[in-house]
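*Asks:* In terms of my numbering, the sequence shown opens at residue 3 and continues consecutively. Please read through the structure below; I'll follow up with questions.
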Amino acid sequence: MKDTTSIDMKENKQKKQLIIQGAAISSGYAQGIIHLQPGLLGPIDVPVNGTQLNVEEEFTRLDQATAKISNDLMMLATQVEKEIDTHLAEVFGVHKQILDDHLLKDELRKEIVDNLVTAGSAVKSVFLRWEKRFLLMESRIAREKGDDLRDVSIRLRNALAGIITHPLEKIPENCILVTQRLLPSDTVFLNSRSTAAVLLEYGAKGSHAALFARQLGVPCISEIPKILEKLSNGDTALVDGNLGVLTVNPGCKAITSFQKTVEKDKQIHQAAQKRAICPAVTLDGVRINVNANVGCHEDTSKAYRNGADGIGLYRIEQFYIGRTSPPSSDELLDEMCHTLSSVKGQLVCVRLLDVGADKPLPFVGFMAETNPALGRRGIRFLREYPELLYTQLKAIISLMADYEVQILVPMVTMPVDVLVVKEMLQTVCIEHDVSILPKLGAMIETPAAALSASTIAPHVDFMSFGSNDLTQYAFAADRENASVESYYNDDADVIFRMMELVHNDVPDMPLSICGELAGCKEHIRRLLLCGITSLSVAAPLVPIIKETVRKTKIT
Ligand code: PEP
Ligand code: MG
């Protein structure tokens, strides 16, 4: 826990204790002083009389500000890559692409000429128009692009107004930062040394802010309406990032109970960490593999440090999204080798590209779909673009020299979905003189796949439950949509019953799970009773899940 202050009890007695329930988006505990930061999204405009405006001068100012921001973004990317994560650094590459976009540049100039406005005003209105277009789109990725645009717009306007320091550079050390929303560039100024916790009005579990907070290990609670009005600077607070509970101006009783919880949690984690490297064996002697889900080099290093038995889910979408052309198999292999360098010799289960629908690729002409989650996702998409599948398989088999490689097919609904991969895998292996094929698995993440496991089974070597999508499709509840969150129950009987059914229908099939449910301590026993012998969880959870397995009896 980040304990940042000794709370002033006398002061607290005068203020009323307030308990607020928000959404837990990054786990951990913190105790500290509230710092309100209202201005992160505030526009800075210098008004100029239209008749005095010199268009050429505004063009020059715009060009200079753009060049400066471009340079800053490159430096930020380097800093983030060094201090946080390569994948996250790519966010700033995307921002640079926005700045370099010719359509956007032309529209900015046109705005200055047509409306005789300053470069700053032009940036404000043009970016707002673009942002609105993205925010109106259904896809989550497109909506996140809206955030990126806003971020670049603020940078540009600040540069045009001659403002060079970022508000977060001046926040008090170890405070609990309270703001409406965090944009990617804000998060660079938030490092684990200076921020105890973050409280937000807006920020979904999958947002940039959540991603950065988790990577930095900073507890974060979001979805607290009117947060800036509810709290005051200098308030003391207890942040429970595990449960999403915020206690403002806590009384003695709340503080004592919070500190006890934190101490207990610390001891549990320390004990788990000490034994992280040891195998996870149940009380009745069954060895369970506890693997990690990874997407970038940092995740994999954490997986290694936390004693993961292998990589149970390697998501490769980040190599495709944000590119203007697909990677070649050599490029893909290079990226994979970089991501996996810390786990050489271990099991690596690479999931084939799971894009389509709400994760469109810029270099593929996607048709708009009314129900994207039910559209051309995962293997459905790859079946339409076999050249993309071929490139991946070629890169993956090249990994076999250094890793125990497995391949996982996403969004399987019918046997043909795995058959096409198997056939192409055989061809690629023959072409490249590979005599032993890597193991092929089907993700069981649609009810159709779960209910027809026995027809899929003859074509695969293992199955992995994707409980995130299995829940979304079983409950017909969009996993990204907070307004149907109460329908999205990944630990409901329905989900376990489907897993039991698969185990009963194909009792000899090795079963694993790589959805978020695998990281829930309280459900480990039930998962193991469904015949699951491999759990794949977020890297920081590996030690505690191993410890949970060690305390479980399944016979
Ligand atoms: C899942 O659906 O449970 C899963 C692991 O895949 P993703 O979350 O990447 O869709
Ligand atoms: Mg899935």
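We put the beta carbon where it would ideally sit given N, CA and C, even for glycine.
How about residue 136 and residue 158: are their beta carbons less than 8 Å apart?
*Replies:* To locate residue 136, count along the sequence shown from 1; it is residue 134. To locate residue 158, count along the sequence shown from 1; it is residue 156. For residue 136 and residue 158, no; Cβs fall outside 8 Å.
*Asks:* Exposed or buried, which one is residue 348 when buried takes at least 16 other CB atoms within 10 Å?
*Replies:* Taking the first residue of the sequence shown as position 1, residue 348 is located at position 346. Buried, by the Cβ-count rule.
*Asks:* Looking at residue 418: is its Cβ nearer than 8 Å to the Cβ of residue 444?
*Replies:* Along the sequence shown, one-based indexing puts residue 418 at 416. Along the sequence shown, one-based indexing puts residue 444 at 442. For residue 418 and residue 444, no; Cβs fall outside 8 Å.
*Asks:* Within a Cβ cutoff of 6 Å, which residues of the same chain sit near residue 37, ignoring the five residues on either side of it in sequence?
*Replies:* Mapped onto the sequence shown, residue 37 falls at position 35. Only 173, 174, 177 and 179 meet the Cβ criterion.
*Asks:* For my contact list, residue 406 and residue 350 are in at a C-beta cut-off of 8 Å; report their separation, rounded to the angstrom.
*Replies:* In the sequence shown, residue 406 corresponds to position 404, counting from 1. In the sequence shown, residue 350 corresponds to position 348, counting from 1. For residue 406 against residue 350, the beta-carbon gap comes to about 7 Å, under 8 Å, which counts as contact.
*Asks:* Any chance the CB of residue 447 is under 7 Å from a heavy atom of the ligand MG?
*Replies:* On the sequence shown, position 445 is the one that residue 447 refers to. It does: the Cβ of residue 447 is within 7 Å (strictly closer) of some heavy atom of the ligand MG.
*Asks:* Relative to the ligand MG, is the shortest distance from any of its heavy atoms to the C-beta of residue 301 smaller than 7 Å?
*Replies:* Sequence index remark: in the sequence shown, residue 301 carries index 299 (1-based). Checking the Cβ of residue 301 against the ligand MG gives no.
*Asks:* Take the Cβ of residue 114 as the centre, count every other Cβ of all protein chains shown within 10 Å, and call the residue buried at 16 or more, exposed below.
*Replies:* Mapped onto the sequence shown, residue 114 falls at position 112. Classification for residue 114: buried.
*Asks:* In the structure shown, what three-state DSSP assignment does residue 249 receive?
*Replies:* Working through the sequence shown from its first residue, we reach residue 249 at position 247. DSSP places residue 249 in strand when its eight states are reduced to three.
*Asks:* Mind checking residue 379: buried by the 16 CB within 10 Å criterion, or exposed?
*Replies:* Start at 1 with the first residue of the sequence shown, and residue 379 comes out as number 377. Using a 10 angstroms sphere on the CB of residue 379, the tally of other CB atoms reaches 16 or more, which defines it as buried.
*Asks:* Note down the Cα distance separating residue 119 from residue 125, rounded to an integer number of angstroms.
*Replies:* Here residue 119 corresponds to residue number 117 of the sequence shown, with the count starting at 1. Here residue 125 corresponds to residue number 123 of the sequence shown, with the count starting at 1. Cα-Cα distance, rounded: 10 Å.
*Asks:* So, with DSSP's three-state summary, where would you put residue 175?
*Replies:* For this step, residue 175 is matched to residue 173 along the sequence shown. Looking at residue 175 - three-state DSSP - the assignment turns out to be coil, as it is neither helix nor strand.
*Asks:* Tell me where the beta strand (DSSP E) around residue 223 begins and ends.
*Replies:* Position 221 of the sequence shown holds residue 223. Per DSSP, residue 223 belongs to the beta strand (DSSP E) from 222-224.
*Asks:* Exposed or buried, what is residue 516 when buried is set at 16 or more other beta-carbons lying within 10 Å of its beta-carbon?
*Replies:* Working through the sequence shown from its first residue, we reach residue 516 at position 514. Flag for residue 516 reads buried.
*Asks:* Where does residue 196 fall in DSSP's three states?
*Replies:* Here residue 196 refers to the residue found at position 194 of the sequence shown. If DSSP states are grouped into helix, strand and coil, residue 196 belongs with coil.
*Asks:* What does a CB cutoff of less than 7 Å around residue 60 pick up in its chain, not counting 5 residues either side in sequence?
*Replies:* For the purposes of this step, residue 60 is taken as the residue at position 58 of the sequence shown. 114, 120 and 121, listed in sequence order.
*Asks:* Give the straight-line distance between the Cα atoms of residue 550 and residue 524, rounded to the nearest whole angstrom.
*Replies:* Walking along the sequence shown from the start, residue 550 turns up at place 548. Walking along the sequence shown from the start, residue 524 turns up at place 522. The straight-line gap from Cα to Cα measures roughly 9 Å.
*Asks:* Please classify residue 243: does DSSP put it in a helix, a strand, or coil?
*Replies:* Within the sequence shown, numbered from 1, the residue matching residue 243 stands at position 241. In the structure shown, residue 243 sits in coil (DSSP, three-state: anything other than H, G, I, E or B).
*Asks:* Per DSSP, what kind of secondary structure is residue 313 in: helix, strand or coil?
*Replies:* Working through the sequence shown from its first residue, we reach residue 313 at position 311. DSSP places residue 313 in strand when its eight states are reduced to three.
*Asks:* Would you report the Cα separation of residue 111 and residue 66, rounded to the nearest angstrom?
*Replies:* Here residue 111 refers to the residue found at position 109 when the sequence shown is read from its first residue. Here residue 66 refers to the residue found at position 64 when the sequence shown is read from its first residue. Each residue's alpha carbon lies about 14 Å from the other.
*Asks:* Going by DSSP, name the residue or residues bridged to residue 203.
*Replies:* Numbered from its first residue, the sequence shown carries residue 203 at position 201. DSSP lists no partner for residue 203.
*Asks:* What does the Cβ neighbour count give for residue 57, buried or exposed, with the cut at 16 atoms within 10 Å?
*Replies:* As a position in the sequence shown, residue 57 is number 55, starting the count at 1. Looking at its Cβ environment, which holds fewer than 16 other Cβ atoms inside 10 Å, residue 57 is exposed.
*Asks:* Identify which residue in 31, 529 and 557 has its Cα closest to the Cα of residue 268.
*Replies:* Your numbering for residue 268 matches position 266 in the sequence shown. When each option's Cα is compared against that of residue 268, the closest is 31.
*Asks:* Assuming contact is defined by CB atoms lying nearer than 8 Å, are residue 240 and residue 33 in contact in what I supplied?
*Replies:* Stepping through the sequence shown from its first residue, residue 240 is reached at position 238. Stepping through the sequence shown from its first residue, residue 33 is reached at position 31. It is a contact, given that the beta carbons lie within the stated cut-off.
*Asks:* Mind checking residue 434: buried by the 16 CB within 10 Å criterion, or exposed?
*Replies:* If you number the sequence shown from 1, residue 434 lands on position 432. With fewer than 16 Cβ atoms within 10 Å of its Cβ, residue 434 is classed as exposed.
*Asks:* I'd like the span of the alpha helix (DSSP H) that includes residue 340, first residue to last.
*Replies:* Stepping through the sequence shown from its first residue, residue 340 is reached at position 338. Looking at the DSSP string, the run of the alpha helix (DSSP H) that includes residue 340 is 331-342.
*Asks:* Look at the alpha carbon of residue 154 and the alpha carbon of residue 461, and state the distance between them as a whole number of angstroms.
*Replies:* On the sequence shown, position 152 is the one that residue 154 refers to. On the sequence shown, position 459 is the one that residue 461 refers to. Rounded to the nearest angstrom, the two C-alpha atoms are 48 Å apart.
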